[in-house]
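Residues in the sequence shown are numbered from 70 upward in steps of one, following the working numbering.
The C-beta atom is built at its ideal place from N, Cα and C for all residues, glycine as well.
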Amino acid sequence: MDQGRTNYIGGEWRPAVSGETFVSVNPARTEEVLGTYARSQAEDVAAAVAAAQAAYPEWRRTPAPARGAILFRMGQLLEQHKESLARQMVHEMGKVLVEARGDVQEAIDMAYYMAAFGRLPNGYLVPSERPDMFCAAQRVPVGVVGMITPWNFPIAIPSWKMFPALLAGNTVVLKPAEDTPGLAVRFVELLVEAGIPPGVVNLVTGYGPEAGAALVESPGVAVISFTGSTEVGRLIAGRCGQLMKRVSCELGGKNAIVVLDDADLELALKGALWSAFGTAGQRCTAASRLLVHRSVKAQFRDALVERTRALRIGVGIDPEAQIGPVINREQLERIHQYVQIGQSEGATLLVGGRILDEPEFRPGCFYAPTVFDNMHMDMRIAQEEIFGPVTGIVEVNNLEDAITKANATQYGLSLSLYTRDVHRAFRAMQELEAGLVYINLPTSGAEIQLPFGGVKQTGNGNREAGWTAMDYCTEWKSIYVNYSSASELIRAQIDTQPDGQAPAPTD
Ligand code: NAI
Ligand code: MG
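Structure, rendered in structure tokens:
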């Protein structure tokens, strides 16, 4: 896609009206430019929204099984192109190849899952308190859905948001992250190949405060779905509140793994390494807190440090690499700042804690996997999302203490607990305050057929994926039909009650 012709509006690839562009680079080799993309502004967003509005009536009336069939073809295309998409993802986003394949697989699973909803029931038949009355409630689309997505799951996240919205009969404008526009272009190209009609899916590439903010402001957009930082989420949710616009936010996490004294330590270690350092810690479900029982702490800590040292860091395309670069230099510096904050707060740095600048890592955004000990829940590194390969150990005394500490953050996305004791496991399942709870599993690793999302400041009550996937972009329409042949008005609550006789006129 040359000269920044990367906006897909009303079925046509176009540059930004201003002609301005920006580039996408490889985070493992920052001098390697991967492509040039349209730097969209409000006028581009307005055109995309207008195209989505124009396409809406026909798409809404298209039978749901036909909409599902397009998603099914999208699933097949994603499968067919899985390897090349995964490789492109390694270059544009940095995650290692096996993880990139997993990211695409999530989209494949989501496509097939949502396609089936085209033939599943879409409402309820409800009894009436009145005779000869048909009552039903039906899920209906809302119109144009605006999607603002992050870079950490560049194929999976757009698919979670888009496939349910499309199946439900909405049309879409996607504003992908500025770090991964190339994958968004590929994703939309495949949707076009799958048969999505012009205007049903529109893409505007560009920066958050420009194209993203314009999408939020656009009066033609009925719903905004956002995944990203808490800071931007607050901004968007606040603005949507003023505009009376629906908004779904999936924000930060400060996830924890609890390791009790009866845990399978080998299993817990494997889980901790995966959740702390997988995707270089850039998952909303990453475990940046390890709450370890004091009686097993020394053993757990020593093994964790040893295995952290042994992790292989490198360019994601290298089959030996276990951890790739972080997304960009700004994030690299932000992560390093958090490590310095942790040290100044009195946490003990056990391993890592530095930007990797040896020749094989230059010029790239690589951070050494980092483990702190003696982290306390009142420290900033125990409270704030770091979004990098950094984790810390907090000592806990018993199950009660572990649950209290696990819950002691503003976030509530994913919490996990390792134990062999069924009583403790079930206690934890009830008491942990999170949208996702795992027992004897790490904090990352959700499957698409279950609801995904968090409580407290992680979100605003919405869930993606699962049978709840369409909730954010649909409304319920209740329908009443009187099929009685009598010319009689029967009022609900009044004429159906013995005391409901209409009062006789007094004069
Ligand atoms: P961000 O929240 O700034 O970006 C996410 C998306 O929002 C991007 O598409 C961006 O263009 C857009 N955006 C930014 N400002 C906007 C605005 N004013 N109006 C509308 N859209 C806007 O996230 P960023 O800067 O990439 O990362 C910063 C931190 O956010 C990370 O360190 C991490 O803590 C958190 N984050 C969390 C994610 C998660 O999965 N929970 C994903 C990405 C980031
Ligand atoms: Mg930002």
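Set against 8 Å, the gap from the CB of V285 to the closest heavy atom of ligand 2 is not smaller. Counting only runs of 4 or more residues that sit fully inside the segment 148-187, the alpha helix (DSSP H) segments are 151-162, 166-186, in chain order. If you look at F91, you'll find it in the beta strand (DSSP E) that goes 90-95. DSSP places A133 within a helical segment (H, G or I) once states are collapsed to three. Shown here, K314 sits in coil according to DSSP, grouped into three states, outside any helix or strand. N467 is classed as exposed because its beta carbon has fewer than 16 other beta carbons within 10 Å across all chains shown. Fully contained in the segment 198-240 are the following alpha helix (DSSP H) runs of length 4 or more, in chain order: 225-236. D442 is bridged by DSSP to T417. DSSP, reduced to helix, strand and coil, places E112 within a helical segment of the structure shown. Judged by their CB atoms, L501 and L484 are nearer to each other than the 9 Å cut-off. Under DSSP, N324 forms a beta bridge with A356. C-alpha of F435 to C-alpha of G383: approximately 8 Å in a straight line.
Straight across, the Cα-Cα distance linking D333 with Y487 is about 7 Å. The C-beta of P394 has 16 or more other C-beta atoms within 10 Å across all chains shown, which makes the residue buried. Counting C-beta pairs closer than 8 Å gives three or more between the segment 254-265 and the segment 140-150, which meets the contact rule. For the options I326, I508, P388, the alpha carbon positioned closest to that of L360 is the one of I326. Proximity of the segment 278-298 to the segment 314-330 meets the contact definition, three or more beta-carbon pairs being nearer than 8 Å. A residue is called buried once 16 or more other Cβ atoms fall within 10 Å of its Cβ, and Y182 is buried on that count. When Cβ pairs closer than 8 Å are counted between the two stretches, the segment 216-228 is seen to touch the segment 250-257, the count reaching three or more. When DSSP states are grouped into helix, strand and coil, V463 belongs to the strand group. Secondary structure note for R83: it is in no alpha helix (DSSP H), and the uninterrupted beta strand (DSSP E) holding it is 81-83. At least one heavy atom of ligand 2 sits closer than 8 Å to the Cβ of S298. Annotation for S485: the continuous beta strand (DSSP E) segment containing it runs 483-487.
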